[in-house]
Amino acid sequence: MSKLSEVFKHKSNNVLNVYCTAGYPQLDSTLQIIKTLQDNGADIIELGMPYSDPLADGPVIQASSLVALDNGMTIAKLLEQLKNALSSDKRAAIILMGYMNPVLQYGFEKFCADAAAVGVDGLILPDLPEYEYETEYGAIIKKYGLDFIFLVTPETSEERVRKLDSLSSGFLYAVSSSSTTGNEKDFNAVEQYLKRLQSYNLQNPIMVGFGIKDKETFSTACKYANGAIIGTAYIKALEGVADVESATKNFLDSILK
Amino acid sequence: MKSDLIEVAQEAGFQNPNEQGYYGSFGGAYIPEMLQRNVAELKESYLKIMAEESFQQEFQQLLRDYVGRPTPLFYAERLSEELGSNIYLKREDLCHTGAHKINNTIGQILLARRLGKTRIIAETGAGQHGVATATVCALKGMECIVYMGEKDIERQAPNVARMKLLGAKVVPALSGSKTLKDATNEAIRDWINNPIDTHYIIGSVVGPHPYPDLVARFQSVISQEIRTQLLEKTGSENPTHVVACVGGGSNAAGAFYHYLDELSVKLVAVEAAGHGVNSGMSAATTQLGKSGVLHGSKSLVMQTEDGQVVEPHSISAGLDYPGIGPLHANLFKSGRGTFLSATDDEALEAAFHISKIEGIIPALETAHAFAALPRMNLTPKDVVVVCLSGRGDKDLATYMKAMGL
């Protein structure tokens with residue numbers, strides 16, 4: 001059973017996935033952040049592989065990507081940092097999130113092999129479309145035992161949601177509105193969409209992302225889904241912070257306590 | 001023998017992408033799910049709408065009465081004599097707004113209206129596509145938002161003023177390197193955030209499928225006219241060469257379009273070498289790029305070893321793009337197209353020379369195409385069509401500086 005499946009087996013609700021851009025705020029912050037997040041209640045940790053042109057992300061995450069790139073973060077460095085760091089049984093599940101271009105340059109199969117070898121559990125590549133996934137890349141991802149998570153939005157048709165659910169493993173990422181990350185929105189408007197998703201009885205657990213920023217939005221999302229993903233709000237909490245550990249702890253406390 | 005080859009080429013398809021939007025191994029739609037609905041809607045309807053009689057009627061009428069088409073095909077006598085060949089200039093510089101860009105924006109605004117969209121967004125580098133978009137939005141009374149890199153806003157002030165005069169809102173792209181690539185990112189983000197009422201008018205043959213095909217089809221009026229005009233002037237609708245400058249590649253796609261599968265016609269694309277292809281300050285994507293994904297399609301992309309997109313350099317803002325349309329990447333990889341490049345200095349020199357011997361001040365982009373001509377070993381038997389994609393008014397400040405004025 002994959003680590004992600006284990007997470008949802010033990011905990012079917014209030015699953016917390018926290019996103020952080022690898023190499024932010026400092027090049028070597030990543031391991032400290034992983035440790036502090038998992039010690040303080042994060043079930044899944046999504047590490048962003050910084051990219052110069054992150055289309056699906058809003059300004060806050062893009063800015064953090066540029067900082068990380070300036071810090072010298074690369075896919076190779078990140079995998080090197082993760083080596084020997086993900087061995088503990090009690091750890092959170094680790095997902096790498098990023099864009100196709102840097103992964104293609106690293107070498108798609110080499111990337112999957114190296115990521116799996118250091119203990120990465122799943123991948124989110126928002127600009128890998130399902131046609132290319134089915135015809136070319138999906139088999140490689142599966143070969144190395146990695147979960148692959150597709151995104152769905154309120155604009156995604158039921159037929160397409162079911163298709164993407166059938167291709168996904170680990171969980172399905174429900175974007176709470178058609179927008180880039182970090183946009184403010186009226187969360188009540190999102191509830192109906194999440195109820196609709198719930199009514200489909202999909203094979204994968206559903207995690208809600210985009211617009212989750214505090215205790216209130218987290219618990220609302222968890223009413224209609226298995227859990228939620230926080231990104232922009234956490235990046236903001238790390239901005240200009242010297243003590244990553246206490247900033248992370250305080251942030252998680254504000255969500256979970 | 002020749003017709004056999006053409007048949008093979010047509011089967012392989014230099015002109016049309018496959019169902020998934022691929023030209024050979026380039027193209028596709030590498031988009032996040034948030035864009036899926038908009039792109040799918042466009043993909044399902046663009047060919048159908050473009051085939052409608054009422055659409056064609058309105059499109060053709062506007063091209064004629066508003067843009068001023070057909071644009072002349074002019075025999076450049078002095079240039080021909082100098083090169084010992086026959087050079088024809090396709091005068092896209094005489095289009096309304098001063099460049100070929102408006103062929104595409106007219107087509108897309110009509111498409112957007114038929115899709116029920118009320119809000120138009122666009123990206124622009126030098127501002128030519130922004131002006132062409134603002135123009136058609138004014139014509140049709142549509143809201144217009146143009147994303148433009150903060151740096152480009154500073155260096156292209158007259159075009160910013162034009163867009164504002166035409167009623168468009170110009171939004172600075174503050175992210176990344178603050179140029180065309182980032183303006184494109186911002187436009188795509190806007191589209192993600194406004195999935196219902198907005199149409200994105202991309203300015204070149206780039207972006208996710210169906211954009212490269214869509215834009216190439218709207219620009220194909222250029223080669224369609226060349227065929228008719230050349231037949232009239234020379235008795236053959238086929239030249240030996242078609243030459244065009246390439247950034248993203250929209251004027252080249254339009255000038256090449258009806259010749260893509262006519263293998264006897266040599267297609268010459270001229271990229272911007274900046275300070276020199278290997279200077280580190282260049283925009284010659286086919287020479288420097290590697291296969292990758294940028295702005296929603298797989299193509300050749302200038303990037304670091306780690307796959308970060310690099311900022312190109314060209315004196316001409318219209319060629320200053322780190323990618324190239326997938327149609328052109330396929331022409332390059334297959335050998336169907338000949339790819340040359342010209343430096344900033346060569347382009348400037350060509351612009352001055354053409355101004356003096358033909359009385360036409362070309363855009364800096366177009367000047368790159370002229371700069372490549374002397375290197376093509378042309379003969380008296382050759383019939384060469386150069387796509388004169390735009391006029392040089394917008395580059396006056398650069399020209400004045402180079403002249404020491």
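Taken in sequence, the protein lines are chains L and E. Under the working numbering, think of the first position of the first sequence as 1, with each following residue one higher. Under the working numbering, think of the first position of the second sequence as 1, with each following residue one higher. Note that the Cβ used here is the ideal one computed from N, Cα and C, for glycine as well.
- The C-beta distance from I324 (chain E) to T285 (chain E) rounds to 4 Å, short enough to meet the 8 Å contact threshold.
- Secondary structure at F14 (chain E): coil, using DSSP grouped into helix, strand and coil.
- N330 (chain E) and D213 (chain E) have their C-alpha atoms roughly 13 Å apart.
- The C-alpha of A342 (chain E) is placed about 39 Å away from the C-alpha of E58 (chain E).
- Residues of chain L whose Cβ lies closer than 9 Å to the Cβ of V301 (chain E) are, in chain order, N101.
- Looking from the CA of S168 (chain L), the closest CA among L:E155, L:G145 and L:P154 belongs to L:G145.
- Here P195 (chain E) is buried, its C-beta having at least 16 other C-beta atoms within 10 Å.
- With its beta carbon at least 9 Å from every one in chain E, Q32 (chain L) lies outside the interface.
- Spatial neighbours of F218 (chain L) in its own chain (CB-CB distance under 6 Å, excluding positions within 5 residues in sequence) are listed in chain order as I212, A228 and I255.
- Within chain L, the C-beta atoms nearer than 8 Å to that of K181 (chain E) come from D53, in chain order.
- Beta-carbon to beta-carbon, V205 (chain E) and V215 (chain E) are separated by about 5 Å, close enough to satisfy the 8 Å threshold.
- Rounded to whole angstroms, the gap between the alpha carbons of M50 (chain E) and L166 (chain E) is 27 Å.
- Here G335 (chain E) is not near A363 (chain E), since their CB atoms are 9 Å or more apart.
- The stretch 39–125 of chain E contains, as complete beta strand (DSSP E) runs of 3+ residues, the segments 73–75, 86–91 and 119–124 (chain order).
- For S175 (chain E), a Cβ of chain L is located within less than 9 Å of the residue's own Cβ.
- For the pair M73 (chain L) and N101 (chain L), the Cα-to-Cα distance works out to about 15 Å.
- Counting C-beta atoms within 10 angstroms of its own C-beta, L396 (chain E) has fewer than 16 neighbours from the protein chains shown and is therefore classed as exposed.
- For A244 (chain E), DSSP records a beta bridge to E:A269.
- For V206 (chain E), there is no enclosing beta strand (DSSP E), since its DSSP letter is neither H nor E.
- Chain-ordered, the chain E residues with CB closer than 8 Å to the CB of T156 (chain L) read E33, Q36 and R37.
- At least one CB of chain E lies nearer than 9 Å to the CB of V175 (chain L).
- Interface with chain L (9 Å Cβ-Cβ cutoff): A29 (chain E) is included.
- Taking 9 Å as the cut-off between beta carbons, the residues of the stretch 115–129 of chain L near chain E are P126, D127, L128 and P129, in sequence order.
- Using a Cβ-Cβ distance cut-off of 8 Å, the stretch 89–105 of chain E and the stretch 146–156 of chain E are not in contact, since fewer than three pairs of beta carbons, one from each stretch, lie closer than that value.
- Across the structure, Y259 (chain E) and P380 (chain E) are spaced so that their CA atoms are roughly 21 Å apart.
- In this chain, V120 (chain L) is not harboured by any alpha helix (DSSP H), its DSSP state being neither H nor E.
- Here L340 (chain E) carries a strand assignment [DSSP, helix/strand/coil].
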